[in-house]
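**Q** Numbering (this note's numbering), first residue to last: 3 to 189. My questions will all concern the structure given below.
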């Protein structure tokens, strides 16, 4: 039923088994290497996604604080209530903190830093925001500036049209050539 293999055939079988074992070991080593590198890359990508998410939250919060500051200032101008002015400056201070945090991300990522510092937004001007907020707060708290709530007076426009004032000259011109119709009539 089974034939005995000669010595040459055994040698080929043994070498092929050794090659298969080496290939299996190389595949296992490649698998573990790939898993290690992939895990390392996944943690790197996960960390970057977390930082991007926190940066996104900072920008959304900055937009919200800016909107709140605008609303509070508008309410203060209308009602002259000091609470609205205080919440206006609180929103501006929170906005300043958010911008500082976003600036720290700019130091970490050079591409973001290039986007943050354009020719219009110089970094020195962004750093002066805190001092501008403080000086505005001092000025508004020490002085009683009031906006004028009186509306401008509207004068009535005189719509009296007197046509006798106008010098109108009329001329009438008539054509002396007899016109022919589109369809000629016989006759």
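By construction, the Cβ of each residue, glycine as well, lies at the ideal position given by its N, Cα and C atoms. In this text, all values refer to a predicted model and were calculated from it rather than measured experimentally.
How many Å lie between residue 175 and residue 152 at the Cα?
**A** So the alpha carbons of these two residues sit roughly 59 Å apart.
**Q** Buried or exposed: where does residue 121 fall if 16 or more other Cβ atoms within 10 Å of its Cβ makes it buried?
**A** Confidence in residue 121 is poor, its pLDDT being 43 and thus under 50, which makes the residue's placement too unreliable to answer from.
**Q** Which residues in the same chain have their Cβ closer than 7 Å to the Cβ of residue 78, if we skip the five residues on either side of it in sequence?
**A** Answer for residue 78: 86, 87, 90, listed in chain order.
**Q** Hey, residue 57 and residue 97: beta-carbon distance below 7 Å or not?
**A** Not closer than 7 Å, so no.
**Q** Rounded to a whole number of angstroms, what is the C-alpha to C-alpha distance between residue 134 and residue 62?
**A** Computed Cα separation, rounded: 23 Å.
**Q** Are the beta-carbon atoms belonging to residue 103 and residue 60 less than 7 Å from one another?
**A** Closer than 7 Å, so yes.
**Q** DSSP three-state call for residue 164: helix, strand or coil?
**A** In this structure, residue 164 counts as coil in the three-state DSSP scheme.
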